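Each remark here refers to the structure printed beneath this line.
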Amino acid sequence: MFLYRNRHARALSAFDHASQRWAAIPLRDPHDPITQRPSSSRPAHARAVGKQTLSLASWNIQASKPRTGERAELILDRIFEGPKLPDIVLLQEVASSARKSLLSNPRVRSSFLTTDAEDDTSFNGLPFATMTLLSSKRFGSPLLAEEGEGGSKLMLDSVFRTELPSRYERDALCVNIAAPTAPGAVLRLINVHLDSLDAQFRRTLQMHVLAGLLREPGCSGGIIAGDFNAIHPDDHALVDKNELVDAWVALHGSTAAPGGGDTWGVGVELEDGLKPGRLDKVVMLGVRPDEIEVLQPGLIDARTPLSDHCGLRCIITI
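Take the sequence shown: its letter number 186 is residue 168 in my numbering, and every next letter is one higher.
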């Protein structure tokens, strides 16, 4: 009964340097059914491109601390370190001020498509929301003639938010892309921030909904990544119960050294007997995890981390 909750169409936008504005790119309406289209009927640039390796980063950037915009910029610096920018960036706890900073960032404007640039609807009445950024070199619209880095781009299909059974009005931010090895189907990238604290029952329902989103007709699988707020042992069991793959467990094993994979409370003094935990995850269906690592946040001053969460960097094959 939770699988067909309200869906709200959203946009992916590219920055138009001529007008100095973000402009939504044309995509399919997510309320329309996913239909099988023969590959010969699609434009040449939109045809299946075979298996692809993608890099993604996920980070809860913590809305509750001051200097949210400045911290968001510094966390982006951490995410963008290295010879190549990630293909997918999934952010949680993005406050309105952090959203403005992200949309003004020169590297975001020059290299990424982003959700929630068209308006602030997803942030109205809420302390924070999620945002997804996609490399404009790797992803494009089938309604635009585009070529990507090293050949055809992965074709975007649609974007929507779907409500979760939540005390805090949380949702799942979903981006559908044309599945590269299954013509006519989509692969789904889901950005999540599950309910926190003692809401284990709600997280159980939320995971049921999320797993169902990867198994809908016309969907060949995908990834769910973000802040799972997995503070209870039963939270970690939800991945197996829903027959999904936890990238960290798949690559490092469930009996890794204590503290391995922890993403919250790392390197700081915790009160009330709290301990660091692996609250953030990348889980998947029909996708292969190749690498995963924890990204330390660094400090905004001598004692204060940029976020109470570490980030995750993951390499996947779709």
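Glycine included, C-beta positions come from ideal geometry on N, C-alpha and C.
The structure displayed is predicted, hence computed values, not measured ones.
Per DSSP, what are the beta-bridge partners of residue i in this structure?
| i | result |
| --- | --- |
| Gly122 | Met137 |
| Cys296 | Leu38 and Ile274 |
| Met189 | Answer by DSSP bridge pairing: none, since Met189 is not bridged. |
| Asp102 | Asp102 pairs with nothing; no bridge assigned. |
| Arg3 | Asp(-2) |
| Asp209 | His175 and Asp262 |
| Leu146 | Bridge partners of Leu146: none, in fact. |
| Gly204 | Arg170 and Leu267 |
| Ala96 | Reading off the sequence, residue 96 comes out as Thr, not Ala. For Thr96, which the question treats as bridged, DSSP gives the partners Ser(-5) and Leu115. |
For residue i, which of the options has the nearest alpha-carbon?
| i | options | result |
| --- | --- | --- |
| Cys292 | Phe183, Gly243 and Leu256 | Gly243 |
| Leu256 | Ile206, Val265 and Trp246 | Trp246 |
| Pro271 | Ser37, Ile16, Glu52 and Asn(-12) | Ser37 |
| Asp11 | Glu55, Cys156, Gly32 and Val71 | Cys156 |
| Ile213 | Trp230, Gln182, Gly194 and Pro199 | Gln182 |
| Leu179 | Met266, Ser1 and Asp209 | Asp209 |
| Val264 | Ile7, Pro147 and Val276 | Val276 |
| Asn224 | Glu253, Glu251, Pro199 and Gly194 | Gly194 |
| Leu252 | Asp290, Val221 and Val231 | Asp290 |
| Ala(-4) | Asp139, Ser92, Asn211 and Asn(-12) | Ser92 |
| Arg49 | Arg89, Glu63, Leu169 and Arg81 | Arg81 |
| Leu67 | Arg120, Ile16, Asp102 and Arg53 | Arg120 |
| Leu126 | His175, Leu9, Gly268 and Gln278 | Leu9 |
| Ile70 | His13, Pro15, Asn173 and Asp98 | Asn173 |
| Arg89 | Leu73, Ser118, Ala5 and Asp101 | Ser118 |
| Ile16 | Asp102, Ser140, Ala6 and Arg285 | Ser140 |
| Arg3 | Gly122, Ala99 and Thr114 | Ala99 |
| Gly203 | Trp230, Arg185, Val191 and Val269 | Val269 |
Measure the alpha-carbon distance for residue i versus residue j and round it to whole angstroms.
| i | j | result |
| --- | --- | --- |
| Arg149 | Leu(-6) | 27 Å |
| Ala(-9) | Pro162 | 23 Å |
| Asn87 | Gly51 | 11 Å |
| Asp216 | Gly235 | 17 Å |
| Thr96 | Leu294 | 19 Å |
| Gly32 | Leu171 | 18 Å |
| Ser165 | Ser40 | Per the sequence presented here, residue 165 reads as Pro, with Ser not at that position. Taking the straight line from one Cα to the other gives about 28 Å. |
| Phe142 | Ala154 | 8 Å |
| Ile205 | Ile297 | 12 Å |
| Arg260 | Leu108 | 25 Å |
| Asp283 | Phe110 | 23 Å |
| Arg60 | Gly280 | 8 Å |
| Ser83 | Asp(-2) | 17 Å |
| Glu151 | Leu233 | 33 Å |
| Gly64 | Pro287 | 21 Å |
| Leu116 | Lys135 | 12 Å |
| Pro258 | His218 | 15 Å |
| Asp262 | Asn211 | 7 Å |
| Arg19 | Val250 | The predicted model places Arg19 with a pLDDT of 47, which falls under 50 and marks its position as unreliable; any figure quoted below should be read in that light. The straight-line gap from Cα to Cα measures roughly 52 Å. |
| Met189 | Val221 | 8 Å |
| Asp177 | Leu146 | 9 Å |
| Thr35 | Asp254 | 42 Å |
| Ser22 | Ala167 | Confidence at Ser22 is low in this model, with a pLDDT of 40, below 50, so the placement of that residue should be treated as unreliable; the coordinate-derived value is given next. Taking the straight line joining both Cα atoms gives about 15 Å. |
| Asn(-12) | His13 | 10 Å |
| Pro199 | Arg285 | 49 Å |
| Leu58 | Leu85 | 12 Å |
| Thr186 | Leu56 | 33 Å |
| Leu226 | Gly122 | 28 Å |
Could you give the first and the last residue of the continuous alpha helix (DSSP H) run that contains residue i?
| i | result |
| --- | --- |
| Val248 | Taken as a continuous stretch (DSSP letters only), Val248 belongs to no alpha helix (DSSP H), as it is neither H nor E. |
| Leu220 | Pro215 to Lys223 |
| Pro320 | Look at the range of the chain in this structure, -17 to 300, and you will see that residue 320 is not part of it. |
| Ser93 | Pro88 to Ser93 |
| Ile57 | Thr50 to Ile61 |
At what residues does the beta strand (DSSP E) containing residue i begin and finish?
| i | result |
| --- | --- |
| Ser37 | Thr35 to Asn42 |
| Val231 | Not the beta strand (DSSP E): Val231 falls in the alpha helix (DSSP H), residues Ala229 to His234. |
| Ile282 | Counting along the chain, Ile282 falls outside any beta strand (DSSP E), and DSSP gives it neither H nor E. |
| Asp290 | Per DSSP, Asp290 belongs to no beta strand (DSSP E) and is neither H nor E. |
| Gln74 | Ile70 to Val76 |
| Arg(-11) | Arg(-11) to Ala(-9) |
| Leu115 | Ala111 to Ser117 |
| Leu155 | Asp153 to Ala160 |
Is there a Cβ from chain C that is less than 8 Å from the Cβ of residue i?
| i | result |
| --- | --- |
| Ala232 | The structure shown contains no chain C; it is built from a single protein chain. |
- Query: Touch check for the region 66 to 82 and the region 37 to 51: three-plus C-beta pairs under 8 Å?
  - Reply: yes
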